[in-house]
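In the working numbering, the protein residues as written are 13 to 268.
C-beta: ideal position from N, C-alpha, C; glycine also.
Only a predicted model underlies this, so the values are computations on that prediction, with no experimental measurement involved.
Report on one structure; see the data block that follows.
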Ligand code: NAD
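Structure (structure tokens):
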């Protein structure tokens, strides 16, 4: 093995680290859990449905050290119980999120609230609850899952886009405040990633037209997130905090 390979492997090695992934019952969260486990991390998978989490854990495999714990990120008691059960944590992947679609003019107050409570408020208060433990362990890495919709705009997703813009600013603010504790806070801003939930849309005319606006002319695959995720979660990014990394095939820089 040459020296460069050895250095990279050491930096990306997650053995001995304990990671928490929220919203790990499917989609990107389940994928992130698998990627972190593949580098040796002990992973806590959290979401509201433990049966779905167990199915994900079974797929990841018995070699991995996994724990499945119920969590509703919008519920303070649920967050507190999780923190009690699972601490200490070195890596937090703040992934749980949802979208409520529809024109701004008809957007319901309940929809606004559930999106903000899940994508932004839940994210902040979970991180806040875990930071004292991370601080005691000498530091940690928090990776918030934002979206390119937090950096540019599209119609029909007003509360989602505003919540993700909030995630971007939350990331920078917390990076500033928690650097003194050795805690790094960064964000991934995925573009459009092919998952079970949106797969049908890509077959429609609107879906195909959208793909043509991505400079790389293709959708993201979940595996496209692996490198950026491992970078931010691991010591490979030890001098990075407050950054927002777009993983979008160039979508944010498309032509006017
Ligand atoms: P998904 O719906 O497949 O997964 C979302 C996860 O969050 C699920 O496990 C769900 O159970 C969980 N969740 C929702 N509300 C929760 C709550 N109150 N408490 C705990 N868990 C809760 O969606 P996804 O596409 O995998 O999205 C994951 C994250 O990535 C989200 O934050 C989303 O905004 C972001 N994102 C996705 C894309 C994409 O193209 N798929 C693009 C940009 C950003």
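{"Query": "Local Cβ density within 10 Å of residue 253, reported as buried at 16 or more and exposed below that", "Result": "buried"}
{"Query": "Residue interval of the beta strand (DSSP E) (run including residue 59)", "Result": "54-59"}
{"Query": "Contact test: residue 118 Cβ vs the ligand NAD heavy atom, cutoff 7 Å", "Result": "no"}
{"Query": "Beta-carbon proximity of residue 142 to residue 101, cut-off 8 Å", "Result": "yes"}
{"Query": "Three-state secondary structure (DSSP) of residue 196", "Result": "strand"}
{"Query": "Ranges of the alpha helix (DSSP H) found wholly within the stretch 82-125, counting only runs of at least 4", "Result": "88-98"}
{"Query": "CB-CB length for residue 214 against residue 205, believed under 8 Å", "Result": "Their Cβ separation, rounded to whole angstroms, is 11 Å, which puts residue 214 and residue 205 out of contact at 8 Å."}
{"Query": "For residue 116 and residue 241, the rounded distance between their alpha carbons", "Result": "32 Å"}
{"Query": "Residue 54 classed as buried or exposed, judged by whether at least 16 other C-beta atoms fall within 10 angstroms", "Result": "buried"}
{"Query": "Contact test: residue 266 Cβ vs the ligand NAD heavy atom, cutoff 7 Å", "Result": "no"}
{"Query": "Same chain only: Cβ atoms within 6 Å of residue 119, ignoring 5 sequence neighbours per side", "Result": "170"}
{"Query": "Cβ contact (3+ pairs, closer than 8 Å) linking the stretch 122-136 and the stretch 47-64", "Result": "no"}
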